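> Residue numbers (the working numbering): 50 to 215.
Where a beta carbon is used, it is the ideal one built from N, C-alpha and C, also for glycine.
From a predicted model like this one, the values you see are computed outputs, not experimental measurements.
Dropping the structure in here first, questions after.
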């Protein structure tokens, strides 16, 4: 048997100590494709949404008190160049309406300057008229910067579930 074929065969040996019996099972694994090694090449221009949060945390008691919440969106410049005038748009939707989603927040913030590898947390205006719901939808979008090629991380959509005493 050639060494290539021997590499495809897995031999499992099990022995029981009491009877000194042994068994050998030969298992041929499925052929595993060999993937080429991929090297990530930094792009000159690349911005991304890397996370979202609410301040204070979005929970039942906060909504019930109608104290308001502030949306926080973390944006990172993953490129090699400083980016200027980066637009971040956020929409918070009440999806419980049978006619269609109602916008609770629709706001755009302009980030004047974002250095390479800089992470900026953007605060949106506080939402005070938040109806009590178990679920909301949040859509955050970065307008592509000039020269940006990879756009898959410029928009994120989140289904937000609120846990509490409802």
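#1: Compute the distance between the beta-carbons of residue 122 and residue 96, then report whether it is under 8 Å.
#2: Which residues in the same chain have their Cβ closer than 8 Å to the Cβ of residue 210, if we skip the five residues on either side of it in sequence?
#3: Does the count of Cβ pairs from the region 156-166 and the region 127-136 closer than 8 Å reach three?
#4: Using 8 Å as the threshold, is the C-beta distance between residue 101 and residue 173 below it?
#5: Would residue 143 pass as a contact of residue 153 if the rule is Cβ separation under 8 Å?
#6: Identify, in the order they occur along the chain, each residue of the same chain with its Cβ nearer than 6 Å to the Cβ of residue 158, setting aside the five sequence neighbours on each side.
#7: Apply the 10 Å Cβ neighbour rule to residue 127 and answer buried if 16 or more other Cβ atoms are within range, or exposed otherwise.
#8: In this structure, what does DSSP give as the bridge partners for residue 185?
#9: Leaving out the 5 sequence neighbours to the left and right, which residues in its chain are closer than 6 Å to residue 151 when beta-carbon positions are compared?
#10: Spatial neighbours of residue 199 within its chain, please: CB distance less than 8 Å, with the 5 preceding and 5 following residues excluded, ordered by chain position.
#11: Does the Cβ of residue 196 have 16 or more other Cβ atoms within 10 Å, making it buried, or fewer, making it exposed?
#12: Output the distance between the C-alpha atoms of residue 205 and residue 191, rounded to the nearest integer angstrom.
Once the coordinates are examined:
#1: No, the pair does not count as a contact, with Cβ atoms beyond the cut-off.
#2: 183, 184
#3: yes
#4: no
#5: yes
#6: 137, 171
#7: buried
#8: 143, 209
#9: 143
#10: 92, 95
#11: exposed
#12: 9 Å
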